[in-house]
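Protein sequences appear in the order of chains A and B. For the first sequence, my numbering begins at 1 and goes up steadily by one. For the second sequence, my numbering begins at 1001 and goes up steadily by one. Just so it is clear, CB atoms sit at the ideal spot from N, CA and C, and this is done for glycine as well.
2 protein chains.
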Amino acid sequence: MTDPAPPAAAEAAEAARHRAKMAKRKAVQDREVAGKTVEKGLLIVHTGPGKGKSTAAFGLALRMLGRGGRVGVVQFIKGAWQTGEAEAFSAFGDKVVWHTMGEGFTWETQDLVRDRAAAARAFERVRELMADDSIDLLVLDELNIALRYDYLDLADVVATLTNRRPGLHVVVTGRNAKPELVAAADLVTEMGLVKHHFAAGVKAQAGIEF
Amino acid sequence: MTDPAPPAAAEAAEAARHRAKMAKRKAVQDREVAGKTVEKGLLIVHTGPGKGKSTAAFGLALRMLGRGGRVGVVQFIKGAWQTGEAEAFSAFGDKVVWHTMGEGFTWETQDLVRDRAAAARAFERVRELMADDSIDLLVLDELNIALRYDYLDLADVVATLTNRRPGLHVVVTGRNAKPELVAAADLVTEMGLVKHHFAAGVKAQAGIEF
């Protein structure tokens, strides 16, 4: 430490500037919070090429469980991999209802008729869970993929989700969300890929990718 | 149903096209997987203005717990709100080590000296958790905010995270990730805000925002 300590006056001025900036920020924040009064079940979409779409949906499920809520999960595509989430959620007993309906990734099956039938069965489970008013949050994992491949009727899916119970939150994940679904949603996040370790030859690892 | 059923030949042709497309996709996928052989602890950054940065980090923590791993969490800024995640993670007992070091949002405190001291204490906990080789994944929630306000020395933080144990995964969250941190990271996701229900007057709700 060869630098002299800054004069007390300069330190005080910096602290005062910081305090004024933060006070202004707090006023904006308080005004924003006061302007929001509506409570409703949200239709949430996580899309985009980046990581974190399903992961954030499961993080939301965890948050809801922490608040004493009950969660339903329907996985439309995945299923070939036994996921860490499914194992972790078992700690919450019947607070989580989990259905893996897809028969693996679509390019694993190569059978259009079977894929469509699996997607239709999965969406039947969605209808049942939507009617169960003990469920607070429903995760429809990779539903966007099923819609992209036309395994399900888009208009029917969007209408069904739009006409959900007022208090029910629904999270839909998967790349390439259909514009009709985005239009119907309350909250849409696009996960963008800035940098990916797969490009550096790092493989999928337990606890991170699955 | 007034449309006639499609001829069997057309159905078979469609199924064949789908099968060929999926077989090609599977070949690409298999080749990609075979090319990835490295295992390493990742430095992951979740940034951007959209939702899901912290939520996806906690989803990763859940996945790691599902794989039998142990998780450390240090919250740099939040702390004023009792989060649903903290409650939910208590189901995992000592598999989760949780430290909320921030004294609320920065604009709540308006005290630069106190904020800097809180951030420094939080980063001391990070160093301790990094040295504890029972920890597999470390979530540094809102560290980007502490860096943005210069509460911590950027070069020191980046060097410390870069020199982590080989197997340790670290996730840093928060808007406005510093370019130096992005450069050091293995995986960076930018959460983009496409549509937000706050704009429609919907308020923050338990189980969704906190």
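Query                                                                                                                              : Result
Contact list for A/G201 against chain B, beta-carbon separation under 9 angstroms                                                  : G1035, K1036, T1037, V1038
N- and C-terminal bounds of the alpha helix (DSSP H) containing A/E211                                                             : In the structure displayed, chain A extends from 1 to 210; residue 211 of chain A sits before or after that span and is not available.
Within-9 angstroms CB hit, B/G1072 to chain A                                                                                      : no
Cutoff 9 angstroms: B/D1133 Cβ touching any chain A Cβ                                                                             : no
The region 1132-1154 of chain B: positions lying closer than 9 angstroms to chain A by Cβ                                          : D1136, L1137, Y1149
Segment contact flag, the region 1133-1141 of chain B with the region 1061-1079 of chain B, C-beta cutoff 8 angstroms, min 3 pairs : yes
Rounded C-alpha distance that separates B/A1185 from A/H169                                                                        : 33 angstroms
Any chain A beta carbon closer than 9 angstroms to B/Q1205                                                                         : yes
Cross-chain neighbours of A/M64 in chain B, by beta carbon under 9 angstroms                                                       : G1084, A1088, A1206, G1207, I1208
Beta-bridge pairing of B/Q1075 - partner residues as DSSP gives them                                                               : B/T1100, B/D1141
Distance, A/K51 Cα to B/A1080 Cα                                                                                                   : Residue placement at B/A1080 cannot be trusted, given a pLDDT of 45 that sits under 50; what the coordinates show is reported in the next sentence. Going from the Cα of B/A1080 to the Cα of A/K51 covers about 29 angstroms.
Beta carbon of A/L152 nearer than 9 angstroms to that of A/A120                                                                    : yes
Contacts that A/T55 makes with chain B (C-beta to C-beta distance below 9 angstroms)                                               : G1052, T1055, A1056, A1057, F1058, G1059, L1060, L1062, R1063
Status (buried if at least 16 other CB within 10 Å, exposed otherwise) for A/T162                                                  : exposed
For B/L1193, the first and last residue of its enclosing alpha helix (DSSP H)                                                      : Where B/L1193 is concerned, there is no enclosing alpha helix (DSSP H), although the beta strand (DSSP E) it sits in stretches over 1187-1195.
For A/T83 and A/F210, believed in contact at Cβ under 8 angstroms, the rounded distance                                            : 5 angstroms
Host beta strand (DSSP E) of B/V1211 (start-end)                                                                                   : Beyond the ends of chain B as shown, which are 1001 and 1210, falls residue 1211 of chain B; an answer cannot be given.
Within 9 angstroms of chain A by C-beta, residues of the region 1185-1201 of chain B in sequence order                             : A1185, D1186, L1187, V1188, T1189, E1190, M1191, G1192, L1193, V1194, K1195, H1196, H1197, F1198, A1200, G1201
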